[in-house]
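In my numbering, the protein residues as written are 4 to 224.
Built from N, CA and C at the ideal position, the CB exists for glycine as well.
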């Protein structure tokens, strides 16, 4: 029997709220078919982890400033929530894919541990940044980590294993039966980003992947 794939709301459900906002997270949490949340974390000027995908605020919030030039209070005033606030607000039953952008230090680890426990209950740390995954491996070696990548080629799988990751989260276009077989032979699980069609979600679930970041119709189905 094919196992059930986790459907993780990509940056929350932002059809009626800004992506990565607390409102988007709570909206996703209210969807019966939502198993969890995926969101992006950067660091403010005063060292506070906040939710934001882009390097600047321009696309979503409007101002052209970079996130690291503003204090957390200023960011909250324009709708950028702190990681601590999100962890406190979302139900613990939801699985969390906490994607760390750029390099993070112990302060981020401490916020996550305060919100989800020292053993990182029902959550994973993911990143495209190899240095972040390596650093997290030193700061919290027991926490599960996923390498975010564009493919499942042997070199990518080798990198994931070298970093001690448990899975590779990859562009869904790169996932087929052969790629899944390579990953499993390497001892790695596979997750996908970003799925927008129900038919794609169904195909990936049939291949037995662990989770998928989904949006729109793929989240509702």
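Beta-carbon gap between residue 91 and residue 72 smaller than 7 Å: no
Among 17, 135, 34, 201, the one whose alpha carbon lies nearest that of residue 110: 135
For residue 107, three-class secondary structure by DSSP: coil
Contiguous alpha helix (DSSP H) assignments of at least 4 residues, all confined to the region 7-58: 25-32
Separation of residue 185 from residue 79, as counted between CA atoms: 43 Å
Simplified DSSP state of residue 141, which is helix, strand or coil: helix
Selection from 174, 138, 176 that minimises the alpha carbon distance to residue 165: 138
Within 7 Å, strictly: CB atoms of residue 70 and residue 86: no
From 140, 125, 183, residue whose alpha carbon lies closest to that of residue 112: 140
Expected contact under 8 Å - CB spacing of residue 102 and residue 129 to nearest Å: 5 Å
Residue 85 - containing beta strand (DSSP E), residue span: Segment: none, residue 85 is in no beta strand (DSSP E) and carries neither H nor E.
Buried or exposed by the 16-neighbour rule on C-beta atoms within 10 Å, applied to residue 24: buried
One or two residues paired with residue 168 in a DSSP bridge: Residue 168 pairs with nothing; no bridge assigned.
Three-state secondary structure (DSSP) of residue 115: helix
Any 3 or more C-beta pairs closer than 8 Å across the region 51-67 and the region 29-37: no
DSSP-derived helix/strand/coil call for residue 212: coil
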